[in-house]
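Below is one structure, written out as structure tokens; comments come after it.
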Amino acid sequence: MTSEHIKLSQPTTSETLKLYDLHLSSSKFHTIPDFTGLTEKVPANIQATWYNLTQTIEQKLIPGFMGLNLPADLAAELLERIEIAGGRGLVIPNTYRQPKVTKEMAYPIAEQEIVSKQALLFPNYNFEPTKLFREDIMWWDFRALSPELSEVSHIPGGVIARVDKLDGHIWTAAEQVYLYAEEEYYLESSTTLEPMEALKLAATQFGLEWSTDHKHNNIPCLKAAALVIGATVVKSPSQTFIQKKYGFRPTVRMWFRLNRYKKGYEAAEPLMMQVVALVLQHDPGDAVLLFDEGNLSVLLQRISGQLNIDAKLSSWIGSELS
Numbered sequence: 117m118t119s120e121h122i123k124l125s126q127p128t129t130s131e132t133l134k135l136y137d138l139h140l141s142s143s144k145f146h147t148i149p150d151f152t153g154l155t156e157k158v159p160a161n162i163q164a165t166w167y168n169l170t171q172t173i174e175q176k177l178i179p180g181f182m183g184l185n186l187p188a189d190l191a192a193e194l195l196e197r198i199e200i201a202g203g204r205g206l207v208i209p210n211t212y213r214q215p216k217v218t219k220e221m222a223y224p225i226a227e228q229e230i231v232s233k234q235a236l237l238f239p240n241y242n243f244e245p246t247k248l249f250r251e252d253i254m255w256w257d258f259r260a261l262s263p264e265l266s267e268v269s270h271i272p273g274g275v276i277a278r279v280d281k282l283d284g285h286i287w288t289a290a291e292q293v294y295l296y297a298e299e300e301y302y303l304e305s306s307t308t309l310e311p312m313e314a315l316k317l318a319a320t321q322f323g324l325e326w327s328t329d330h331k332h333n334n335i336p337c338l339k340a341a342a343l344v345i346g347a348t349v350v351k352s353p354s355q356t357f358i359q360k361k362y363g364f365r366p367t368v369r370m371w372f373r374l375n376r377y378k379k380g381y382e383a384a385e386p387l388m389m390q391v392v393a394l395v396l397q398h399d400p401g402d403a404v405l406l407f408d409e410g411n412l413s414v415l416l417q418r419i420s421g422q423l424n425i426d427a428k429l430s431s432w433i434g435s436e437l438s
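In my numbering, the protein residues as written are 117 to 438.
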């Protein structure tokens, strides 16, 4: 089993040298964010800006760019504190505060992409003219709608082209997932373990820290640097989907959330695979490990004892399960 587009890699040198800002979509806090331990990490050249921000947090945090120039890991940690307090946002390269590609410049690029997609994907459908649908933080969103596609319940009922505001390239679905800095993996398994038993097994074996996850209603989870691990019972709709797609009915889902901006990311993926191997060794049931990159890619599959592993994972997990 191979997959050329699966990303299991470290940030590049150019990525680590970038500076980042936070773009807030919501600043409706239910509590004041806790910045304990962050101030001493802030670069000297923005200490004054940081001090002003932390002293007037409720007044200063409004939707939009915060105007900070931070290393990736510090920006990610700041966003996490803001999210725990109820805010929402994204870590964005600071260069997007000053876009270079206007909507007028983006239109012919989008038009060419949309016409190409129409011919390739929907050659027998009629489309309305290409129009600007909305302006996003990092791209211009153009669409050409087709009433005929809408009639057959196609979503979004047309063809989309998102043109980058800095260099004019067309954003792919995988890039858009990558934008959120977090990679989501799901181990769906038919196991005798309960969700908490699976987490306790991993916590004991690898010395992981117990915490709660603010993105999943503060349920118990395990944390390591750049990695969050949780587990839940798989409910009926998801069970049916997995059964139809992969041929078995899962009982427990372990999910793994990696943040590529945080320190420790390089070790997070191997640790995740060690946890996967541990759980699969404990129980011989059917299982599939999925990676969400806009659509679900299979990294590992064990059905009726037959194990198939993506080539990129074999050095981490193959020998432990063979």
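Using N, Cα and C, we set each Cβ at its ideal position, and we do this for glycine too.
For clarity, every value in this text was computed on a predicted model and none was experimentally measured.
- In this structure, DSSP gives P311 a helical state, which the three-state scheme calls helix.
- Cβ contact annotation for E300 (same chain, cutoff 7 Å, sequence separation greater than five): W371, R373 and D408, in chain order.
- Counting only the Cα atoms, D137 lies some 6 Å from G183.
- Distance from the CA of I253 to the CA of S142, rounded to the nearest whole angstrom, comes to 14 Å.
- Counting the other CB atoms within 10 Å of its CB gives Q417 a total of 16 or more, which places it among the buried residues.
- Under the three-state reduction of DSSP output, Q417 falls in the strand class.
- If you draw a straight line from the Cα of R197 to the Cα of R204, it is about 10 Å long.
- Take the alpha-carbon of I425 and the one of Y362: they are about 15 Å apart.
- Listed in chain order, the non-local C-beta contacts of K233 below 7 Å within the same chain comprise V275, local neighbours out to five positions each way being set aside.
- By the CB criterion at 8 Å, K281 and W255 fall inside the cutoff.
- Here V350 has E304, P366, T367, V368 and R369 as same chain residues with Cβ atoms under 7 Å from its own Cβ, once five neighbours each way along the sequence are excluded.
- Note that the stretch 324 to 332 touches the stretch 340 to 356; at least 3 beta-carbon pairs, one per stretch, sit closer than 8 Å.
- If you draw a straight line from the Cα of E244 to the Cα of A260, it is about 6 Å long.
- Sequence-distant partners of R250 (beyond 5 residues in either direction) whose C-beta falls short of 7 Å from its own C-beta, in its chain, are D257.
- It is roughly 23 Å from the alpha-carbon of E227 to the alpha-carbon of V293.
- Comparing alpha-carbon positions, the option among L309, L206, T152 and E264 lying closest to G180 turns out to be L206.
- Spanning the alpha carbons of A393 and L406 requires a straight line of approximately 14 Å.
- Sequence-distant partners of K144 (beyond 5 residues in either direction) whose C-beta falls short of 8 Å from its own C-beta, in its chain, are G202 and G203.
- In this structure S266 is exposed. Its beta-carbon is surrounded by fewer than 16 other beta-carbon atoms within 10 angstroms.
- For I345, the enclosing beta strand (DSSP E) begins and ends at L343 to V349.
- Rounded to whole angstroms, the Cβ separation of L140 and N185 is 16 Å, and the two are not in contact under 8 Å.
- If you ignore the 5 residues before and after R213, its C-beta comes within less than 7 Å of the C-beta of D137 and F181, all in its own chain and listed in chain order.
- Residue pairing by DSSP places N375 opposite E298 in a beta bridge.
- Assignment of K281 by DSSP, reduced to helix, strand and coil, places it in the coil class.
- Rounded to the nearest angstrom, the gap between the Cα atoms of L154 and P336 is 24 Å.
- The closest CA to that of Q321, considering only L423, S413 and Q397, is found on Q397.
- Per DSSP, the beta bridge partners of L140 are G180 and G205.
- With a 10 Å radius around the Cβ and a threshold of 16 neighbouring Cβ atoms, T307 comes out buried.
- Runs of beta strand (DSSP E) with 3 or more residues, each lying fully within the stretch 213 to 246, are absent.
- Here A297 really is in contact with N375; their C-beta atoms are around 6 Å apart, less than 8 Å.
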